[in-house]
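A.B. asks:
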Amino acid sequence: MENFSKWFHNILKKADIIDSRYPIKGMAIWRPYGFKIRNHTLELLRKLLNRDHEEMLFPLLIPQEQLIKESIHVKGFEDEVYWITQGGQNDLNEKLALRPTSETAIYPMYSLWIRTHMDLPLKYYQIVNTFRYETKHTRPLIRAREITTFKEAHTAHATKKESDKQVQDFIKMYKEFFNHLAIPFLISKRPSWDKFPGADYTIAFDTIMPDGKTLQIGTIHNLGTTFSKTFNIQFEDKDSQHKYVHQTCAGLSDRVIAAMIAINGDDKGLKLPTTTAPYQITIIPIIFKNKKNDILNKCIEIKKTLENEGLRVNIDDRDIRAGKKFYDWELKGTPLKLELGPNDLEKQVIIAMRRDNLEKIELPLDETLTHTIKEYIDKYDDNIAENAWNFLENHVKFTANKDNIAQLIEQGNVVAFNWCGDEKCGRELEEKTGYNILGISQTLDSQSEITCIKHNKPAKYIAYIAKTY
RNA sequence: GGGGCCGUAGGGUAGCUUGGUCGAUCCUUUGGGCUUUGGGAGCCUGAGACUCCGGUUCAAAUCCGGGCGGCCCCA
């Protein structure tokens, strides 16, 4: 993967995931194969969220007055908002925004829905598209003007303590989610100047892309009472006092899929985890004229057996040479290929090949097959996840010397360093180096005598700095 | 915000400097046919492009101006 940017653009197209030739900048099409990957990803996400959240759906449009009500928040988005100003030939009385995110759409309704402490905690989410007029270089899935897949959860709680707990719960859930997708991650608390506009604090998940740049793949915000005060979301507590709710929100986007594809890809194409692969197993019949029906029938029989065990299986019976099919499914990232030809049928075996190691292995065609195959794809999942984590861990380098930062980052690493946590210090560090502080990963022992990388003040944290997307 | 580069079939390209040989090259893609099928087969026969508008000229893919679109670098 010499040039990641090129590779990524290419794979999206060649594997039939995204077609970015739609004639509006920053807006692209999910093709059926990609759409299946997306659906499986969402299926998993919904499964995890539905444990203690409920799904809902808000309108796409937000009235101007409502959008600009929370001033800190709107400042973060005002340059990126698409506006609808006309209906047919008529100018609208009030401009309508295409949601860049939905806090200002949702919270006025929360203020109607939440009356008493009995209504809390309230945990809803939606999965929608959002629009941001990006002025930087757009890239499919990574920086788009239409984010087609935006999961936003919005919770409300009686106390700060509960909202902090909710943030921790989201962290746990995200970890589980990313583990299922074979995406390794770094968790950090964003610096004060880079938190979500209007939030008390932001916890972010970043991953390291093959080119060494980090990609933010998930965020969790504790909103405190900023929005509840702006939108007047109050509840009557047990003591009959009216109090503002403490809120959190948490977002995931198309970038999750970008990361899954990029991190688990290689020069041959995709290596999808079995959680999201449209087909977990692809059967390739080796068809000779005289044996055609025997072979196809056996393939169909195997497919049915495996499907009964809940596996997603397809047969590639196109009338082309087998070699072409192997390349195609390696490109598209099917975890396990099964190959069945006349010789195998005679020997009562089938040839299996994992996408990660590309070794061909003969498996007996008997009642043990399903079990063996399940073991195989479990090993495959473990292996791609392990490789992904190794890559990430090998690309986080600690340094105590600020002069090393640039070199380490240019070599494709994220740099961990001791930091005092001071905003002025952090911003100077960013300006001087040209890189971004992702955030704080760890708090140091207050007794320690470690000093900040930049000056002699005591260090309070270990933080990350990196080149970011 | 500042600077640079580039627009030729679905994708990647040659041609542009020095206008005519372009009825536009090659690879890939793709329809039909034969033959094949255990790692991208072969043969036959089709399909498919000069970003748009204007100018210069006997003649423009090629030169000039503008629009639109894309890419890269820096802030």
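Numbers in our numbering are just positions in the first sequence, counted from 1, shifted up by 4.
C-beta: ideal position from N, C-alpha, C; glycine also.
Distance check for Tyr384 and Glu305, CA to CA, integer angstroms please.
C.D. replies: Going by the C-alpha atoms only, they are around 24 Å apart.
A.B. asks: With respect to the alpha helix (DSSP H) encompassing Ser115, which residues constitute its N-terminal and C-terminal limits?
C.D. replies: That run of the alpha helix (DSSP H) goes 107-117.
A.B. asks: In terms of residues, what are the limits of the beta strand (DSSP E) holding Phe402?
C.D. replies: Counting along the chain, the beta strand (DSSP E) containing Phe402 begins and ends at 400-402.
A.B. asks: My parser needs the beta strand (DSSP E) runs of 3 or more residues fully inside the stretch 187-221; what are they?
C.D. replies: Listed in chain order, the complete beta strand (DSSP E) runs (minimum 3 residues) inside the stretch 187-221 are 190-193, 205-212.
A.B. asks: Can you give me the C-alpha to C-alpha distance between Gln93 and Thr108, rounded to a whole angstrom?
C.D. replies: Distance between the alpha carbons of Gln93 and Thr108: 28 Å.
A.B. asks: Roughly how many angstroms separate the alpha carbons of Gln70 and Ile118, rounded to a whole number?
C.D. replies: Each residue's Cα considered, the two are about 18 Å apart.
A.B. asks: Quick check: what's the CA-CA separation for Tyr248 versus Thr120?
C.D. replies: Each residue's alpha carbon lies about 11 Å from the other.
A.B. asks: Can Pro104 and Thr134 be called in contact, C-beta distance under 8 Å?
C.D. replies: Contact flag set, yes.
A.B. asks: Is Gly443 near Tyr468, with beta carbons less than 8 Å apart?
C.D. replies: Yes. Within cutoff.
A.B. asks: Contact check, Ile212 vs Leu396 under 8 Å by CB: the rounded distance?
C.D. replies: Yes, Ile212 and Leu396 are in contact; Cβ-Cβ is about 5 Å, under 8 Å.
A.B. asks: Measuring straight from C-alpha to C-alpha, what distance separates Tyr137 and Phe189?
C.D. replies: If you take the alpha carbons of Tyr137 and Phe189, they lie about 28 Å apart.
A.B. asks: Between the stretch 260-271 and the stretch 10-28, are three or more C-beta pairs nearer than 8 Å?
C.D. replies: Yes, the stretch 260-271 is in contact with the stretch 10-28.
A.B. asks: Below 6 Å CB to CB, which residues in the same chain sit around Phe235 once its five sequence neighbours on both sides are set aside?
C.D. replies: Within the same chain, Phe235 has close Cβ partners Tyr111, Pro112, Ser115.
A.B. asks: Are the CB atoms of Ile290 and Ala326 within a distance shorter than 8 Å?
C.D. replies: Taking 8 Å as the Cβ cut-off, Ala326 and Ile290 qualify as a contacting pair.
A.B. asks: In the DSSP assignment, what are the bridge partners of Ile354?
C.D. replies: DSSP lists Leu367 as partners of Ile354.
A.B. asks: Report back the beta-carbon spacing between Tyr439 and Lys401 to the nearest angstrom; my notes put them in contact at under 8 Å.
C.D. replies: Incorrect: roughly 13 Å between the Cβ atoms, too far for contact.
A.B. asks: Looking only at DSSP bridge pairs, what is Val419 linked to?
C.D. replies: Looking at the DSSP assignment, Val419 forms a beta bridge with Lys401, Ile469.
A.B. asks: Under the DSSP definition of a beta bridge, which residues are partnered with Val317?
C.D. replies: According to DSSP, which records beta bridges pairwise, Val317 is partnered with Ile285.
A.B. asks: For Leu256, write down the residues that DSSP places opposite it in a beta bridge.
C.D. replies: BP columns for Leu256 point to Lys155, Gly222.
A.B. asks: Have a look at Leu126 and Thr159 and give me their C-alpha separation to the nearest angstrom.
C.D. replies: The straight-line gap from Cα to Cα measures roughly 5 Å.
A.B. asks: Do Phe8 and Asp241 count as a contact pair if the criterion is CB distance below 8 Å?
C.D. replies: Their beta carbons are not under 8 Å apart, which means Asp241 does not touch Phe8 by this criterion.
A.B. asks: What is the C-beta distance between Leu52 and Glu180, in whole angstroms, given that I count them as a contact (C-beta under 8 Å)?
C.D. replies: Indeed they touch by this definition, with Cβ atoms about 6 Å apart.
A.B. asks: Are Cys424 and Lys461 touching if we call contact CB-CB under 8 Å?
C.D. replies: The answer is yes: Cβ separation under 8 Å.
A.B. asks: When you compare the CB positions of Gln284 and Leu340, do they come within less than 8 Å of one another, or not?
C.D. replies: Yes. Within cutoff.
A.B. asks: What does a CB cutoff of less than 7 Å around Thr89 pick up in its chain, not counting 5 residues either side in sequence?
C.D. replies: These residues qualify, in order along the chain: Asp95, Leu96, Lys99.
A.B. asks: Mapping the DSSP letters down to three states, classify Gly171 as helix, strand or coil.
C.D. replies: Rather than Gly, the amino acid found at residue 171 in this sequence is Val. Looking at Val171 - three-state DSSP - the assignment turns out to be helix.
A.B. asks: Here's the rule: buried if 16 or more other CB atoms are within 10 angstroms of the residue's CB, otherwise exposed. What is Trp333?
C.D. replies: By the neighbour-count rule (16 or more Cβ atoms within 10 Å), Trp333 is buried.
A.B. asks: Quick one: measure Cβ to Cβ for Leu335 and Ile261, integer angstroms, because I've assumed they're closer than 8 Å.
C.D. replies: In fact, because the Cβ distance is near 17 Å, the residues do not count as touching under 8 Å.
A.B. asks: Pick out whichever of Leu65, Val78, His246, Asn294 has its Cα sitting closest to the Cα of Asn347.
C.D. replies: Cα-wise, what sits closest to Asn347 is Asn294.
A.B. asks: Output the distance between the C-alpha atoms of Ile441 and Leu256, rounded to the nearest integer angstrom.
C.D. replies: Whole-angstrom Cα-Cα distance: 21 Å.
A.B. asks: Does DSSP classify Ser475 as helix, strand or coil?
C.D. replies: Nothing can be reported for residue 475, as the shown portion of the chain is limited to 5 through 473.
A.B. asks: Just verifying my parser: in three-state terms, what is the DSSP assignment at Ala160?
C.D. replies: In the structure shown, Ala160 sits in a strand (DSSP, three-state: E or B).
A.B. asks: Output the boundary residues of the beta strand (DSSP E) element that contains Lys127.
C.D. replies: Run containing Lys127: 126-135, per the beta strand (DSSP E) assignment.
A.B. asks: Mapping DSSP to helix, strand and coil, what is Lys436?
C.D. replies: In the structure shown, Lys436 sits in a helix (DSSP, three-state: H, G or I).
A.B. asks: Can you give the beta carbon distance from Ile466 to Pro282, rounded, assuming they're within the 8 Å contact cut?
C.D. replies: The pair is not a contact, with the Cβ atoms about 40 Å apart (cut-off 8 Å).
A.B. asks: Nearest to Tyr205 by CA position, among Arg259, Lys217, Thr374, Ile224, is which residue?
C.D. replies: Tyr205 has its Cα closest to that of Ile224, out of Arg259, Lys217, Thr374, Ile224.
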